[in-house]
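Residue numbers (my numbering), protein chains in the order written: chain A, 195 to 284; chain B, 195 to 284.
Yeah, the Cβ is synthetic: ideal placement off N, Cα and C, and Gly gets one too.
Keep in mind that this is a model prediction, so the values were computed, not measured.
There are 2 protein chains.
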Amino acid sequence: MTEIEVVGLTAGALTTFGFVPQIVRVYRAKSATEISLTFNLMFLAGVCTWLVYGLVLRLGPLIWWNLITLLLVLALLYGKLRYGMTRGKV
Amino acid sequence: MTEIEVVGLTAGALTTFGFVPQIVRVYRAKSATEISLTFNLMFLAGVCTWLVYGLVLRLGPLIWWNLITLLLVLALLYGKLRYGMTRGKV
């Protein structure tokens, strides 16, 4: 693996698995009123669009990172819908 | 602009500007205890690493989107440090 591939892999890992502590926090606190539903939905739509982009251009790493991120963002969205719908949508 | 470029542009816009409603929510509520500091820091490190990747490979869109995301994640981090440091770090 080249140096720049390692940089790309590290970047993808950080922006993907960064969601894990956020999900843990919401599920542990059973509270997500401060998490923005709009953020969740826009990020979900964005990740799906990156998936389309990766699939069309057959960019393996983009496809795999975004598949994992998709699952993580869905987990955060579920936490938001379950624990945080009392303070409105912004 | 080709169709796939539009797809990539849309994807970048969604995953970048998705942070705006999250920032608005934190600053409006003056509360960020549910926002994970680890999420913030990992995402910040990830965006910086994507910037390095984009700069080395001279990928314009990657550089610009990640510069904007960097500013937005810094704004969220500032909100977290100002309004949400009472419940620990996860």
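Reduced DSSP category for Leu245 of chain A - H, G, I as helix; E, B as strand; rest coil: By 1-based counting over the first sequence, the position of residue 245 of chain A is 51. Note: Leu245 of chain A maps to helix in three-state DSSP.
Just to check my reading of the structure: Tyr221 of chain A and Ala205 of chain B have Cβ atoms closer than 8 Å, yes? What is that Cβ distance to the nearest angstrom?
In the first sequence, the residue the question calls residue 221 of chain A occupies position 27. In the second sequence, the residue the question calls residue 205 of chain B occupies position 11. Incorrect: roughly 27 Å between the Cβ atoms, too far for contact.
Check the C-beta distance from Ile217 of chain A over to Leu266 of chain A and give it rounded, since I have them as a contact under 8 Å. As a working mapping, residue 217 of chain A is identified with position 23 in the first sequence. As a working mapping, residue 266 of chain A is identified with position 72 in the first sequence. About 6 Å separates the beta carbon of Ile217 of chain A from that of Leu266 of chain A, a gap short enough to meet the 8 Å contact definition.
From what residue to what residue does the alpha helix (DSSP H) around Arg252 of chain A run?
To locate residue 252 of chain A, count along the first sequence from 1; it is residue 58. No alpha helix (DSSP H) contains Arg252 of chain A, which DSSP labels as neither H nor E.
Practice prompt. Compute the Euclidean distance between the alpha carbons of Leu251 of chain B and Thr210 of chain B, then round it to the nearest angstrom.
Written response: Counted from its first residue, the second sequence places residue 251 of chain B at position 57. Counted from its first residue, the second sequence places residue 210 of chain B at position 16. Taking the straight line from one Cα to the other gives about 21 Å.
Subject >> Whole-angstrom distance between Val214 of chain B and Gly282 of chain A, CA atom to CA atom >> reply: For this step, residue 282 of chain A is matched to residue 88 along the first sequence. For this step, residue 214 of chain B is matched to residue 20 along the second sequence. Confidence at Gly282 of chain A is low in this model, with a pLDDT of 44, below 50, so the placement of that residue should be treated as unreliable; the coordinate-derived value is given next. Cα to Cα, the separation comes out at about 16 Å.
**Message:** Looking at chain A, is there any beta carbon in it that lies within less than 8 Å of the beta carbon of Thr204 of chain B?
**Reply:** The residue given as residue 204 of chain B occupies position 10 in the second sequence. Taking 8 Å as the CB threshold, Thr204 of chain B lines the interface with chain A.
| query | Do Leu208 of chain A and Met236 of chain B come within 8 Å of each other at the CB atom, strictly closer than that value? | reply | For the purposes of this step, residue 236 of chain B is identified with residue 42 of the second sequence, where counting begins at 1. For the purposes of this step, residue 208 of chain A is identified with residue 14 of the first sequence, where counting begins at 1. The Cβ atoms of Met236 of chain B and Leu208 of chain A lie closer than 8 Å to each other.
Of all the CB atoms in chain B, is at least one closer than 8 Å to the CB of Gly212 of chain A? As a first step, residue 212 of chain A is located in the first sequence; it is residue number 18 there, counting from the start. Yes, because at least one Cβ of chain B sits closer than 8 Å to the Cβ of Gly212 of chain A.
| said: Residues in the same chain with beta-carbon distance under 8 Å from Leu249 of chain B, minus the five sequence neighbours each way, listed in chain order, please. | reply: Locating residue 249 of chain B in the second sequence gives position 55, where the first residue counts as 1. Residues of the same chain with a CB within less than 8 Å of the CB of Leu249 of chain B, apart from the 5 flanking positions on each side, are Ile257 in chain order.
Between which two residues does the alpha helix (DSSP H) containing Gly202 of chain B stretch? Looking up residue 202 of chain B in the second sequence gives position 8. Residues 197-211.
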